[in-house]
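Single-structure report; data block below.
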Amino acid sequence: MQVSCLVFLPLLTAFLVIMTPRRFSYLIRWISVFGTGLHLALTIMISFLFWAEAKGDGELLRTSLVFKLHLVEKISWFDSLGIQYFVGIDGISLTMVVLTSIIIFAGVLASWNVKERAKEFFALLLILVTGVFGVFVSFDLFLFFMFYELAVLPMYLLIGIWGTGPKEYAAMKLTLMLLIGSAFILVGFFALYYGSGFYTFDLIKLATANFPVDFQRWVFPMIFVGFGVIGALYPLHTWSPDGHSSAPTAVSMLHAGVLMKLGGYGALRIAVFLLPEGAKYWGLFFMGLTTINILYGSFGAIWQKDLKYFTAYSSVSHCGFVLFGISALNFMGMKGAVIQMFSHGIMTGLFFGLIGMVYGRTHTRIISEMGGLARVMPWLATCFYIGGLASLGLPGLSGFIAESHVFLGGFFGHSLQSVGQSGALMKTFTLIATLSIVVTAVYVLRGLGRVFQGPIENAEFANLEDAMLSEKLSTGILVVVLIVVGLYPSILIDVIEPAIRPVLNRLAGGL
Amino acid sequence: MQNFINIFTHGIFIKHAWFVLAVPFLSFVFVGLVLRPLSKKASGLIATLSISVTTLFVYGIIAECFLMHRVPSGAAWQVPWLRYQDGLSATLGVLVDPLSLLLMCVVTTVSALVHLYSIGYMRGDEGVGRYFAFLNLFTFSMLGLVVAPNILQIFIFWELVGVSSFLLIGYYYEKPQAVAASKKAFIVTRFADLGFFIGIFILGYYGFQSFSRLGPTVPQALSPFDFAYLTSPAFIEFFKHETYMIFGLSIFSLTLILVFMGACGKSAMFPLHIWLPDAMEGPTPVSALIHAATMVVAGVYLVARMFPLFVASPEALGLVQCVGTFTCLFAATIGCTQDDIKRVLAFSTLSQIGYMMFALGVCHGGNTLGYTASLFHLFTHAFFKALLFLGAGSIIHALHTNNVWEMGGLVKAMPITHLTFLVATLSISGIPPFSGFFSKDEILLSAFINHQYLTFVIALLVAGLTSFYMFRVYFLTFWSEAKWHGHVHKPQEASWTMTLPLLLLAVLAAISGFTPIAKWIFYTKSQVESHRLFFVPVFGVLVAAFGFLLAMLFYTGDRKIVDHVVLKFAWMYGVIKHKFYIDEVYLWITKKVIFRFIAFPVAWFDRRIVDGGVNLAAWVTRKTGWLLRFLQTGQVQTYGIWLVSGGLVMLLVLLTL
Amino acid sequence: MLASIFNSPYFYPSIYHWLVLSSALFSIGIYGFLTRKNAVGILISLELCLNSGALNFVVFDYFRGNHIDGKIMALFIIAVAAAEVVIAMAIFVGMFKHKKTIDVTEMNQMRN
Amino acid sequence: MLPEIIVLITAFTLMFVDLFLKRETRYFLMGIPLGGLALAFISVFFLSNRKSFGGQFSLENIDLWLKVFFILCAFVIAIASFSFILGESKETCHKKQIYSFEFLTILLFNLSGMLFLVSARDLLTLYVSLELSTLPLFILTAWKRDALSSEAGLKYVVLGALASALLLLGFSIFYGLTGTMDLVLIGRSTNVSPLFWFASVLVISAIGFKLTLVPFHMWAPEVYQGAPTVVTAYLSVASKGAGLVLMFQIFFRIFGASISSFYFAIALLSALTMTLGNVVAIVQENIKRFMAFSAISQAGYLIMGFLGGFHANSQAVLQGLSRTHPLIALSMMIGLFGLAGIPPLSGFIGKFFLFSVAASSGFYWLVAVAAINSVISLYYYLRIVRQMYIEPVLETTVFPMKLSMGGLLGSLVVISVLLGLVPVFYETILWTWKN
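Below, the structure is given as structure tokens:
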């Protein structure tokens, strides 16, 4: 019941928002804030429930081949087709749910200023987030796919109506590319459904199927690439710069912060978990591709003139870490990938939130037109710098935890688990990918330096105001999370670690 | 008295060694979040107080060790922090051993004095709260670095000191040069850290590989990142015999070279030295603390910390020696030509760190006296260099200029500053009985007894150069005729908060040479005490005296001599004055090569080719649709043909399958 | 003589003759459909096609057991064809009102 | 055959009453078709499985649902066409003639044809009911009598007659090969021979015509464009539904045993249809032409359902679909409801099932093509959404929505959402099927 509440509370909030007459725009905002705040509280409650329930998981899952779920709800739905309403929570899900919950709360707070058609905006945002929550907790592939589509489609309107710049083009490109990705996913799911011989979409049951190696080898890239599109896998990432830069603040936050994580989540949860042989066959290939991702994104970011493009490219680079860690196919890599999902989610959510706030004041996002803003908006500058430092992997902030995991995973590679990938190549890829920590430093410091430091060049900017309360709250939460995870990583690691084990055990050939 | 001593016999301080990290950190958080917006004065006060308390605490630890005649082995305090994998985790801890104690002592002492100095120096500045918060952050990070029991913790705090340095250099964030300098500092060191990071990977990797294999020779409680493990003979033996070769180097040496790359970055060794002179854009106390006394010697500390590994690899240590020697000479040469007082001091710092580096490096000759000598020099250098910077800060505070040619005649105006500056100058020049004499002597000695005669000669030469450029600054600043008469107000000593640290440091700079460091810090005890050569210190002093005389000749009398010399060697002078154009080379590489030839093409490629591919697909679809619509001719008979021929094709398909 | 001719199996057309006839009818119909420009001509060609179908039914019925159903089918086909013609003619007339011609190649107001 | 009779009686009643009433009072005539349809709708549920007329007319479970679907369609179209009939629409250029209920009479005749088609079990009934469900459409298409409408009618009637001739020839060959009119008996006694393939191709061409499969689709854009809007809607739903029923009859009753040899052809047609339909739809400016191409692409999805895992066991085929694969039946129903508009949820689940059918036979490439096509189609749907939401509103284009229309749309939306999420509907179909 709790998990269903988790999923449908945003939908209920959306319904309430729709029911509110348009003229009470304040009420609409308050309902949204209250709804998402309640959701955050619920998430925290569920985290504690999970904590209490999952105490013994660490040992139990050490040798397990399937995920251990908690707070499971399983209702048969389209019975004759093997479709169920099957939701539950495990460590990875919980991490992602917490992330989403935080981001949507911060996002709603950050869009306090949305006046134009506020009702539709908040309703769509909440519907979208319902889809996201649904994806993270569903363990039935049909349900998963349905929520996935639900999470992608409202994006078109959200960007198309409330966006800026070439919004319609960006919205269309984003929606179509993501859905083409989902087309591949769909084919993969059907292949799993019929290939397993069980005629079920139940993820746990599918895990017991013996997929032939050849089958795995062609289905795996289908699903992985399908999820790769939303996870910004090179060269299918081009929706992301345009999409993110055109989207309104809360949507960029949610999209870069959470939706892009669906890719990594699906790749890990479904592709690698169900098709370990395929993963081993393709692992190095995707590792190479994501190495390109990581460097390419960071080099691309150097040259960007628009703050949002800048952040979008940095997201491409950072999401590369997620897929990189996953395709390293070992414990540290995958754990790092999940941590990176969380960390990057918070970080980039913070970035886009801040960019929105800065844009709301300066009405420009061109980096060279700004300068010296730290004097007039110290709060935003501080938050921006903390986010930037997190993104370049400064220890003490969450980015370091994730990146060091991913790099160590890539570097230690084959020595940890019998993955059968070439150790030398993995090491080479990792070493090439580590270059990004320098490049990231270059673009982050360049970009932020130009925006916030130096003298105030434009006289109009001299009288701008710093963040207001809702904005401070919104960014403050995210900054605190970044720091807390950075200083006390066990808070995440203890949850994630057990949940990764089954994937690894399957990779290790424990069939 | 006995009661007082008794306090130190229970080991309480060592047991609660976490205090050393906790106080500065809490103070940072408190000052940064709570006090900063409230009160400037309180920020400074609390920050200074907390560091002072830490300093006293460190003294307490030292006293304990001293009184108990025992230094604890292993980390005094440790908590698990980050678990990567079974058998591979990072801890946070406080390692108390002579080396870390030495560094702790230096860091806290200098930091406390600099904090105190800053209260006066930064008075009236807008962002004092921020300044002190950052200063606390730096102190915390630096302490974390020096007490690290494992290499990962070093890396973590390594980055944190980098970032605090970045923040403090860019403290005047509205000054474009400061912003550029802070960026440069961070990025250059970050680049070096890349090597360090990779080195850690490799160390961790082999550490992890051998961890279970080595069996009982390694205590179970350790993890592959721990220094106690990495420097254990068993591991070194294992790692040394790894046959994997890259570029003709064994992976062992290569790893150490990568680690040394990190050290080079932080310690601003050639060719990664370019950030340090620019870093002088920060407030002067910051330069004193970070860019003279503490952070820049972190590289030396790192090599010293991993010395057992380095000793096992003559290649790596040879490189350390080469880089150290070269930087030493190189920086000293440039130091002779700079006009900005802080830049002279910066190059002098480079040169001195070069001394420390090659002192470590020469040990591959077999005698490890250099290890002791290097750390001894680190110790003394911290005080006299901090003192020099703080003195310079006093002068700048009074005159509002950095150019030595615009100063002069300050002997009368600022007597305390003059006196302390003189002490420091004598000390750095290696004039007995000031501290620099002892440490430099030991370094020269270590080079000589390891038969590194070239290094020895260069070191002697640099000793002369050091003396020359330091006295050049000294004479120009204090003795030449005053050029500041046009100023509104006469330069004068600042408040006691600024002069007190100067005096204290002057005392330390004068007497710290008598500290029996060698008793505690050594690699092989017997080698430390065995050699005493008479002529080495004599040479050193003679050379220094020569430098002094030359400087006096040049800069107290007629300026014509200088001009004449400069004109005579105009070409060379120009090159040296422009720091051998290294900055320009870097600028060319970053701006032209990386930005133009990598970043721009990548951005272009992404927009045109990759994104163009996506748009092309859309375009092709539309175009196909546009073409296909003309099938619809409107002629009913054409449709009929389609219908019938479609059927026929269908028949073919069915029959062939 | 004459009787023997009449009685000879070669005199009575076999199923193949009929099928050839109906195929010819159908082919002529299709040819006419594709080549005539006059809508009525096209309609007539289509009637040929329909009739070839009807003829087939009758023939198959006759040669394969003489159940009545094929013939009934033929009747229905004729009826349906008649209905079709009526409707088609009505539409042609309507078309003629607008275009003053029933040349189908002219009727391409809607295309692409 | 109660519903069919009711529909026919209603049609005749309407025709006669219409003759004798004055123009002003005809308004009340609306009740007759609606009442008749409602009655027919109810009567469907009183039918039981049985055969009449010596097996030429029979009723199985799927038939029941199909009839329900057709009656509902006609009902909706009848409501939607009132404004058209009563001359309120701008489309009525010849008010005098059109101001009559003949339109509905013909619609009802057409409906009865489709109802018969569902239950037909032999070639004769099949042919006649098919013609009955096609001929009225010619009239309806040319209803407006303006140039476009007439041209559309002409093209439709000419090509329709051609298709009908092809179908007839195909039927006659089947008859000749087997000597029987009964569909199931034909299916049981055919051997695979070149002539059989020839006949199949003829029949498939006709089906393709009805279902607007590429390359038999050429009539559709013109006819959809020229016909009155109500008729266009009816064509794209009901007529295509009839085509689907025809295909169902032929493929599962006649080809039943050898259906797997048609798989590749079906997949090819499906891929071609959806791709061409979508790609051309993108570049259309005329909204009705656009709808035509979009409808063509829909047909591509629909026939994916025929790739279902049919076992080559004629016995199983004979016993009806229920015992073979529920998925096919389901996908067919979903296809039909999908035709009635593509609502987000039931459309999603519908497509999911249709794709699933293709995947079950191993046509993963077709699933990929279909899924990518659905993305392309999303492109133009999103463009419409953009028109509705993103483009600025022009005051002049705002028109008041009528209560009847609003209620209709609202209930359609609710139904589609329910269809999408509530398993009861699907499960009921499957359940009735199995028993």
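Residue numbers (the working numbering), protein chains in the order written: chain A, 1 to 511; chain B, 1001 to 1657; chain C, 2001 to 2112; chain D, 3001 to 3435.
Think of the CB as a built atom: it goes at the ideal place given N, C-alpha and C, for glycine as much as any other residue.
| query | result |
| --- | --- |
| Close Cβ partners of P3344 (chain D) (< 6 Å) along its chain, the five nearest in sequence each way excluded | Note that P3344 (chain D) scores 38 on pLDDT, short of 50, meaning its location in the model is unreliable and no value can be drawn from it. |
| For L1302 (chain B) and I1154 (chain B), believed in contact at Cβ under 8 Å, the rounded distance | 7 Å |
| Amino acids of chain C, ordered along the chain, whose beta-carbon sits closer than 8 Å to that of T1621 (chain B) | Result: empty, since nearest Cβ-Cβ is about 18 Å, beyond 8 Å. |
| For T3010 (chain D), the nearest candidate out of D:I3071, D:G3300, D:F3045 (CA to CA) | D:I3071 |
| G3031 (chain D) versus G131 (chain A): straight-line alpha-carbon distance, rounded | 45 Å |
| Distance between L42 (chain A) and W51 (chain A) (C-alpha atoms, nearest Å) | 14 Å |
| is_contact[Q3319 (chain D), chain A] using C-beta, thresh 8 Å | Residue confidence for Q3319 (chain D) is low, a pLDDT of 39 falling below 50, so the modelled location carries little weight; the figure read from the coordinates is stated next. For Q3319 (chain D), the answer is no, since every Cβ of chain A falls outside 8 Å of its Cβ. |
| Residue span of the alpha helix (DSSP H) that contains W1081 (chain B), given as start and end | No alpha helix (DSSP H) contains W1081 (chain B), which is instead part of the beta strand (DSSP E) from 1075 to 1085. |
| Closer than 8 Å to chain D by CB, V2020 (chain C) | no |
| Residues in the region 3255 to 3273 of chain D having any Cβ partner in chain C nearer than 8 Å | none |
| CB contact below 8 Å: F2026 (chain C) versus chain B | no |
| Three-state secondary structure (DSSP) of M357 (chain A) | helix |
| The region 142 to 175 of chain A: positions lying closer than 8 Å to chain B by Cβ | K173 |
| Chain D contact residues for L1655 (chain B), given Cβ-Cβ distances below 8 Å | P3194, W3197 |
| Assigned exposure category for D1441 (chain B) - 16 Cβ within 10 Å defines buried | buried |
| Contact between the region 379 to 395 of chain A and the region 291 to 299 of chain A (3+ Cβ pairs under 8 Å) | no |
| T36 (chain A) at chain B interface by Cβ criterion, 8 Å | no |
| Where T3212 (chain D) falls: helix, strand or coil (DSSP) | coil |
| Per-residue contacts from V3375 (chain D) into chain A (C-beta, under 7 Å) | L176, L179, I180, A183 |
| Close beta carbons around I1517 (chain B), own chain, < 8 Å, minus the five adjacent residues each side | L1102, T1372, L1375, F1376, F1379 |
| Which listed residue (B:Y1172, B:F1140, B:L1168) has its alpha carbon closest to that of F1157 (chain B) | B:F1140 |
| Where N1150 (chain B) falls: helix, strand or coil (DSSP) | strand |
| Closest by C-alpha distance to L1388 (chain B), when choosing among B:V1362, B:F1421, B:T1401 | B:F1421 |
| Minimum Cβ-Cβ distance from V1163 (chain B) to chain A less than 8 Å | yes |
| Unbroken beta strand (DSSP E) run spanning K74 (chain A), endpoints | 70 to 78 |
| Residues of the region 2044 to 2064 of chain C with Cβ closer than 7 Å to any Cβ of chain D, in chain order | L2046, C2049, L2050, S2052, G2053, N2056, F2057, F2060, R2064 |
| Strand pairing of D1226 (chain B), partner residues [DSSP] | B:N1150 |
| Backbone CA spacing between I1443 (chain B) and I1458 (chain B) [nearest angstrom] | 12 Å |
| Own chain, CB closer than 7 Å to M2073 (chain C), minus 5 neighbours either side, in chain order | F2057 |
| Own chain, CB closer than 6 Å to L3169 (chain D), minus 5 neighbours either side, in chain order | L3202 |
| Nearest neighbour of V1323 (chain B), chosen from B:A1292, B:F1260, B:P1037, B:V1297 [CA to CA] | B:F1260 |
| Identified DSSP bridge partners for G1093 (chain B) | B:Q1078 |
| Residues that G405 (chain A) contacts on chain B, provided the C-beta gap is smaller than 8 Å | For the record, residue 405 (chain A) in the displayed sequence is His; it is not Gly. Within 8 Å Cβ-Cβ: Y1084. |
| Beta carbon proximity, V1593 (chain B) to chain C, threshold 8 Å | no |
| Whole runs of the alpha helix (DSSP H) within the region 248 to 301 of chain A, excluding any shorter than 4 residues | 249 to 254, 260 to 266 |
| K1385 (chain B) burial status per 10 Å Cβ neighbour count (16 or more: buried) | buried |
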